[in-house]
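Just so you know, we're using our numbering here: the sequence shown kicks off at 1 and counts up by one.
Every residue, glycine too, gets a C-beta built ideally from N, C-alpha and C.
Quick caveat, the model's predicted, so the values are computed rather than measured.
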Amino acid sequence: MDIHGKPPGPERSQRAYEQQQRALIDSNRALLRAARETLSSAASQRLSNSQEARAARASQSADAGKNTRRDEIELSAAARAVSEPSTAEREARVRELTEAHRLERLHTPERLERAAQRLLEG
1 MDIHGKPPGP ERSQRAYEQQ QRALIDSNRA LLRAARETLS SAASQRLSNS
51 QEARAARASQ SADAGKNTRR DEIELSAAAR AVSEPSTAER EARVRELTEA
101 HRLERLHTPE RLERAAQRLL EG
């Protein structure tokens with residue numbers, strides 16, 4: 001080594017070394033660029049696949065909604081009238097509840113818990 005920290009030898013070898021380093025840096029940059037493009041294309045492909053899957057699930061759920069409609073049973077007015085309690089039954093139930101309320105038997109811990117459960121379950 002000489003005084004200035006440069007290796008002895010012709011400048012041509014120094015230039016060749018620098019040129020080799022630049023070529024290596026350029027090839028690394030090209031590899032990085034290609035890797036980034038690959039990652040970008042993979043991400044866009046994954047996004048489009050997820051969008052397609054989401055659309056397919058949405059159409060399947062829409063089809064399922066149509067299919068469940070076919071399984072429904074329509075009740076006639078007469079059947080609905082039979083299933084509903086009569087006026088006398090309603091009045092009897094109201095009397096029972098009124099009496100239970102008057103005697104303070106409605107607000108038991110068990111009934112409150114069941115009511116809270118029904119509210120929480122929706």
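Inset, instruction - In the DSSP assignment, find the unbroken alpha helix (DSSP H) run with His101 in it and report its ends. - result: Thr87 to Arg102
Inset, instruction - Determine the direct distance from the alpha carbon of Ala35 to that of Ser50, and round the result to whole angstroms. - result: 22 Å
Legend entry - Boundaries of the alpha helix (DSSP H) in which Ser83 is found, first to last residue: Ala77 to Ser83
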